[in-house]
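Shown next, in structure tokens, is the structure this report addresses.
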């Protein structure tokens, strides 16, 4: 246990992987019973299962991945000391307390559930704020704003669950998801071309072929994604929010066009990052079109949730685990397969929303099975690394 809590990525990436499997197993069990004509009653979380499922993927799985990344990356950005073991243990405990409280929400006072579930992100924000002020660069301080957006989204969910509001849950869920998408737009814009460029440089590729990021594309690509959750919280007209999302999505593809993605086809540790941005673009476009009256919003939300958030967090978590534990930055074969499985899950789940009728439940169950398989492979391949100390530096490769 001492090793697990020694670094943020160990505790939180491990927790994210385990929760990704557990939460989808619960959802698959419910769907399977429902699809066979059965009826599930007396669930401990006391809310419709689809709401528990959506909430826990956004504010459970994704916030664990977010916590692990920020607690690992921010000290590297600022030169600040890494969080001590006792803080990582406390933060992990608060995150877990939130998951337990939401699971037993049907038996607990709603205010207690809200307090437990809302406690983790403020603690995380406070810690990284102390680290960021050492070198308060705007491009890093913005992550505090994204954490705030996600937290406000969760607050709106709990305000409805506690009966204090009547119609804030849907807005809160979407604000949380799009807050995560804004985080991905920023981080993806940094790490995807940078890591690709580094790999091409090591391979001796001519500099003319290296990825290029154009400010005229990058700035609006990020700002417009970040504008979507703000517009949602402001209750802006659906047509305006949808149009902004479509333009933001198209700009993600414009970014990718100059990032030398074709060169990465035989390096899963790299193409998984490019694929995550591609899903972000596709999800934004399809969601924006749904807001304008074209296509399924639920399908679009799952492109974002599974393909963009799930795919990008899986890619970043696996790379960070390898790099920060002193291993070579080469995705083990099971992890490379996991990237493909999660991407396939996103596409199949989208089809499940677009194609009603007899195929609906088979596609839903199939997408869930692919997600579970992907994260099981992730845990099998990288779980032992999370739980063991870093080997001597000469055995690994530099990040």
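Numbering (the numbering used here), first residue to last: 124 to 522. Glycine included, every Cβ here is placed at the ideal spot set by N, Cα and C.
Short Cβ contact (7 Å threshold) for residue i with residue j
i           : j           : result
residue 229 : residue 168 : yes
residue 184 : residue 142 : yes
residue 344 : residue 378 : yes
residue 382 : residue 338 : no
residue 277 : residue 299 : yes
residue 194 : residue 131 : yes
residue 240 : residue 221 : yes
residue 368 : residue 407 : yes
residue 233 : residue 175 : no
residue 214 : residue 128 : no
residue 425 : residue 473 : yes
residue 244 : residue 218 : no
residue 423 : residue 436 : no
residue 374 : residue 297 : no
residue 462 : residue 395 : yes
Where residue i falls, given that 16 or more other Cβ within 10 Å makes a residue buried
i           : result
residue 517 : Residue placement at residue 517 cannot be trusted, given a pLDDT of 44 that sits under 50; what the coordinates show is reported in the next sentence. By the neighbour-count rule (16 or more Cβ atoms within 10 Å), residue 517 is not buried but exposed.
residue 521 : Any reading at residue 521 must be qualified, since the residue scores a pLDDT of 37, below 50, and its modelled position is unreliable; the value itself is stated next. Exposed is the call here.
residue 384 : buried
residue 139 : buried
residue 163 : exposed
residue 147 : buried
residue 511 : exposed
residue 363 : exposed
residue 403 : buried
residue 507 : exposed
residue 388 : exposed
Span of the alpha helix (DSSP H), counted from its first residue to its last, around residue i
i           : result
residue 413 : 391-414
residue 501 : 483-509
residue 310 : 292-325
residue 211 : 208-226
residue 373 : 361-379
residue 442 : 434-447
residue 175 : 172-179
residue 151 : 131-158
residue 249 : 243-255
residue 337 : Neither: residue 337 is in no alpha helix (DSSP H) and is coded neither H nor E.
residue 193 : 185-201
residue 514 : Looking at the DSSP string, residue 514 is not in any alpha helix (DSSP H), and its letter there is neither H nor E.
residue 462 : 456-477
residue 274 : 261-284
Residue i: CB within 6 Å of a non-hydrogen atom of the ligand ZN
i           : result
residue 427 : Ligands are entirely absent from the displayed structure, and the ligand ZN is therefore not among its contents.
Rounded Cβ spacing between residue i and residue j (contact assumed at less than 8 Å)
i           : j           : result
residue 476 : residue 421 : 5 Å
residue 201 : residue 254 : 5 Å
residue 340 : residue 371 : At roughly 11 Å, the Cβ-Cβ gap does not stay under 8 Å, so residue 340 and residue 371 are not in contact.
residue 501 : residue 453 : About 15 Å; that fails the 8 Å criterion.
residue 225 : residue 178 : 7 Å
residue 489 : residue 471 : 5 Å
residue 279 : residue 289 : About 12 Å separates the two Cβ atoms, so there is no contact after all.
Below-7 Å beta-carbon distance, residue i vs any chain C residue
i           : result
residue 452 : Among the protein chains of the structure shown there is no chain C, as only one such chain exists.
Exercise. Any chance the stretch 490-498 sits against the stretch 458-468, with 3 or more Cβ pairs inside 8 Å?
Worked result: yes
Exercise. Quick one: any contact between the stretch 426-437 and the stretch 396-403, if contact means 3 or more CB pairs under 8 Å?
Worked result: Taking 8 Å as the limit for Cβ pairs, the verdict is that the stretch 396-403 does touch the stretch 426-437.
Exercise. Quick one: any contact between the stretch 133-147 and the stretch 189-198, if contact means 3 or more CB pairs under 8 Å?
Worked result: yes
Exercise. Do the stretch 413-420 and the stretch 437-444 meet, that is, are 3 or more Cβ pairs less than 8 Å apart?
Worked result: no
For this session: Would you be able to state if there are at least three C-beta pairs under 8 Å between the stretch 291-309 and the stretch 267-277?
Result: The stretch 267-277 is in contact with the stretch 291-309.
For this session: Could you tell me whether the stretch 203-215 touches the stretch 246-264, where touching means 3 or more Cβ pairs closer than 8 Å?
Result: yes
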